[in-house]
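K.L.:
Protein chains in written order, with this note's numbering: chain S, 1 to 291; chain R, 292 to 565.
Glycine included, C-beta positions come from ideal geometry on N, C-alpha and C.
Please read all numbers here as calculations on a predicted model, not as lab measurements.
Here it is, the structure, as structure tokens.
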Amino acid sequence: MADTVTQGAPGALDMREHYMALTRRRRLYSGVMLIVFVALMASGFVVANDRNAGGFWDGIHNIFAFPAMVIAETSGKLMLLPAHLAHFFPSLVETINIAAVSTLVGGGLGMILSLLSTRGLARFPLLIPLFRRIMDIMRAVPEIVIALVLIFILGGGPVPAMIAIAFHTGGALGKLFSEVNENADTKPLDGLESVGATWMQRMYLGVMPQVAPNYLSYALLRFEVNIRASAILGFVGAGGIGYELKNAMSWGQGKFDEAAAIFLLLFGAIVFFDQVSSHFRNRLTQGRPVS
Amino acid sequence: MLLSVENVSKVFGGNVAVDSVSFSIEKPAFVGIIGRSGAGKSTLLRMVNRLTDASSGAIRFEGRDVLSLGGSAKRAWQSDCAMIFQQFNLVPRMDVVSNVLHGTLNRHSAFATFFNLYPTADIHRAIDILDRLGIAEQAAKRAEALSGGQQQRVAIARALMQDPRIILADEPIASLDPMNAQVVMDALRRIHEEDGRMVVANLHTLDTARRYCDRVIGMRAGRIVFDGTPGQLTTGVARDIYGADASFSESATSTSIEALDANARAMMEEAELL
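If you want it as structure tokens, here you go:
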């Protein structure tokens with residue numbers, strides 16, 4: 001079943017030439033791009049490696065030294081592991097609490113900011129750029145910087161960590177929420193406006209039912225991110241499991257069995273919340289399974 | 292026996308989309324499948340191409356059960372069994388020739404296709420196929436810049452590039468205006484006549500099925516309720532296939548230009564009589 005293509009129609013021959021020239025040019029461009037990319041990566045690596053205190057190739061053999069140590073010390077004290085798990089569980093709960101509260105507070109903040117900065121929905125259309133810049137600033141400052149400043153002012157503990165994560169979350173979720181808002185249908189809003197509803201009523205009754213599933217999905221994803229963030233903030237004195245991990249992880253104290261227990265708890269918590277949130281996100285996007 | 296479908300069923304959750312369908316096509320023919328939306332026409336074609344897995348049954352092509360194929364054997368079958376979609380399913384941001392060259396993907400490694408390293412002979416053949424379908428001058432444009440009728444012809448060119456044994460067309464003209472619909476159906480018919488390829492098309496209008504097909508299969512609620520020549524497809528049979536009552540009139544929803552002409556002529560004659 002070979003093609004009975006008519007060879008040599010003049011239009012097609014011209015087009016052959018034209019397209020082959022185009023293809024050759026494209027191949028040349030992508031070849032040059034590939035060479036430039038490889039050269040940049042290689043030279044960048046050399047520069048970075050020269051500025052390193054050690055050296056990549058000298059240090060690479062030691063990559064498994066820390067995990068090997070942790071496993072070696074833990075396997076010696078394996079029967080202590082359940083006790084360690086029980087001992088550190090309350091600080092894990094504290095870390096998760098920080099993440100949960102800051103996700104809730106940050107989510108509320110993000111919701112308000114997103115509604116104020118979406119074209120077509122905003123209460124004060126002229127102020128949209130202002131609210132967008134506010135969200136940019138909230139996203140731009142890393143949690144750990146805010147936490148360090150607040151710990152200096154308020155002293156160590158979970159409250160500064162909560163405020164720091166909530167601030168960053170507000171900016172991050174506000175951006176994601178406003179993208180969801182942009183896809184919302186404005187016809188229900190016209191309907192509500194035509195009956196004389198206020199801005200708050202229009203947002204709550206007209207926008208929220210459309211965007212709630214996506215909001216919740218993003219907020220759950222953010223919750224996972226915040227668990228990790230609040231564990232890291234423990235390193236700078238914000239309490240929770242990060243603080244315990246910092247103490248246990250210091251080299252040469254013989255506490256690596258405790259570090260292993262903390263790693264297990266953190267790993268378990270992330271897996272657990274990942275499963276729970278993906279279950280609920282599926283439920284939200286695909287609807288309840290037919291019973 | 293070329294293609295034989297034996298007791299093929301497809302169950303989605305609790306719904307039976309295709310219910311124990313059997314038919315066989317002995318020689319390369321132009322076969323139309325008609326039926327209302329949800330009758331299982333698309334699911335049937337998708338099962339032949341292995342885009343959707345069947346729940347039970349067998350589909351044999353030259354004696355080999357294509358439903359049991361897996362891995363590269365399945366992909367090789369898909370390359371032999373081209374599919375044309377209602378919404379064209381081209382890559383919108385790539386140029387027309389690249390889209391046509393996608394028909395050869397089964398023969399090339401992923402690495403070569405990432406770097407756009409198609410053999411020159413393939414590129415020439417792609418342009419010749421486009422020329423045969425009358426759209427060679429569009430070759431270097433992005434697929435999304437073309438009209439619906441042109442895009443569907445690019446999709447047919449991609450199918451031809453596969454050099455397939457069967458061409459499956461799932462509602463190829465449902466998204467097109469009457470004139471483009473005719474161009475696309477003429478192209479499919481020409482491919483069937485000139486290359487002797489088997490074409491199986493889902494169609495949603497009766498006049499198209501009558502005009503282009505050698506054989507028509509009618510489906511209703513997942514079952515085959517009619518299998519015969521276009522001549523046997525009377526209004527009574529059509530009512531049965533579509534589950535319509537006596538108020539059903541074909542010309543009311545016809546999309547062919549001839550039908551419009553016929554309507555217009557009838558109106559003119561009426562006007563003259565008055």
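If the criterion is Cβ atoms closer than 8 Å, does the pair LYS246 of chain S and GLY254 of chain S meet it?
P.N.:
Result no, Cβ atoms of LYS246 of chain S and GLY254 of chain S do not sit closer than 8 Å.
K.L.:
Curious, which full-length alpha helix (DSSP H) runs of at least 4 residues does the segment 409-493 of chain R contain?
P.N.:
Those alpha helix (DSSP H) runs which fall completely within the segment 409-493 of chain R and span 4+ residues are 411-423, 439-452 and 469-486.
K.L.:
Could you please give me the residues that DSSP links to CYS372 of chain R through a beta bridge?
P.N.:
For CYS372 of chain R, which the question treats as bridged, DSSP gives the partners R:ILE457.
K.L.:
Taking Cβ positions only, does TYR19 of chain S come closer than 8 Å to chain R?
P.N.:
Cβ-Cβ to chain R under 8 Å: yes for TYR19 of chain S.
K.L.:
Of the residues that make up the segment 261-288 of chain S, which ones have a beta carbon closer than 9 Å to any beta carbon in chain R?
P.N.:
Flagged: no residues at all.
K.L.:
Give the residues from the segment 465-494 of chain R that approach chain S closer than 8 Å (Cβ to any Cβ), ordered along the chain.
P.N.:
Per Cβ criterion, the list reads GLU485, ASP486, GLY487 and ARG488.
K.L.:
Of all the CB atoms in chain S, is at least one closer than 8 Å to the CB of VAL388 of chain R?
P.N.:
Chain S contact via Cβ: present.
K.L.:
Are the C-beta atoms of SER30 of chain S and some chain R residue less than 8 Å apart?
P.N.:
Closer than 8 Å: yes.
K.L.:
Pull up the CB-CB distance for ASP413 of chain R and THR395 of chain R, whole angstroms please, since I reckon it's below 8 Å.
P.N.:
With 8 Å as the limit, ASP413 of chain R and THR395 of chain R qualify as a contact, their Cβ atoms being about 6 Å apart.
K.L.:
Starting from the Cα of MET510 of chain R, find the closest Cα among R:ARG481, R:VAL528, R:ARG488 and R:GLY522 and give me that residue.
P.N.:
Nearest of R:ARG481, R:VAL528, R:ARG488 and R:GLY522 to MET510 of chain R, Cα basis: R:VAL528.
K.L.:
Helix or strand or just coil, what does DSSP make of ASN266 of chain R?
P.N.:
Lying outside 292 to 565, the shown extent of chain R, residue 266 of chain R is not represented and no answer is given.
K.L.:
As a quick exercise: from S:PHE167, S:ILE146 and S:PRO158, pick the residue whose alpha carbon is nearest that of MET135 of chain S.
P.N.:
When each option's Cα is compared against that of MET135 of chain S, the closest is S:PHE167.
K.L.:
Quick check on this structure: which residue in R:ARG327, R:SER313, R:ARG480 and R:ASP498 has the alpha carbon closest to the alpha carbon of GLY348 of chain R?
P.N.:
The option with the nearest alpha carbon to GLY348 of chain R is R:SER313.
K.L.:
To be precise: take each residue of the segment 292-326 of chain R, compare its Cβ to all Cβ atoms of chain S, and keep it if any distance is under 8 Å. Which residues remain?
P.N.:
Against chain S - using a Cβ distance shorter than 8 Å - the residues of the segment 292-326 of chain R are GLY304 and GLY305.
K.L.:
Give me the chain R residues within the contact set of LEU22 of chain S, using Cβ-Cβ distance strictly less than 7 Å, ordered along the chain.
P.N.:
Those are ALA431, listed as they occur along chain R.
K.L.:
Return the first residue and the last residue of the beta strand (DSSP E) that PHE321 of chain R is part of.
P.N.:
PHE321 of chain R -> beta strand (DSSP E) spans 321-325.
K.L.:
Between PRO455 of chain R and ARG488 of chain R, what straight-line distance do the alpha-carbon atoms span, to the nearest angstrom?
P.N.:
Rounded to whole angstroms, PRO455 of chain R to ARG488 of chain R spans 8 Å at the Cα level.
K.L.:
Would you report the Cα separation of GLU94 of chain S and GLU258 of chain S, rounded to the nearest angstrom?
P.N.:
One C-alpha to the other measures close to 18 Å.
K.L.:
Does the structure place the segment 129-143 of chain S close enough to the segment 191-210 of chain S that three or more beta carbon pairs sit under 8 Å?
P.N.:
Touching, no.
K.L.:
What span of residues does the beta strand (DSSP E) with ASN247 of chain S cover, start to end?
P.N.:
From DSSP, ASN247 of chain S is part of no beta strand (DSSP E) but of the alpha helix (DSSP H) over 241-249.
K.L.:
Between ALA373 of chain R and ALA431 of chain R, is the Cβ-Cβ spacing less than 8 Å?
P.N.:
Not a contact, by the Cβ cut-off of 8 Å.
K.L.:
Please state if the CB of GLN443 of chain R and the CB of ILE426 of chain R are separated by a distance shorter than 8 Å.
P.N.:
Not a contact, by the Cβ cut-off of 8 Å.
K.L.:
Could you spell out the range, first to last residue, of the alpha helix (DSSP H) harbouring PHE223 of chain S?
P.N.:
Residues 208-233.
K.L.:
With C-beta atoms as the reference, is PRO469 of chain R less than 8 Å away from ILE375 of chain R?
P.N.:
No, these two residues do not count as a Cβ contact at 8 Å.
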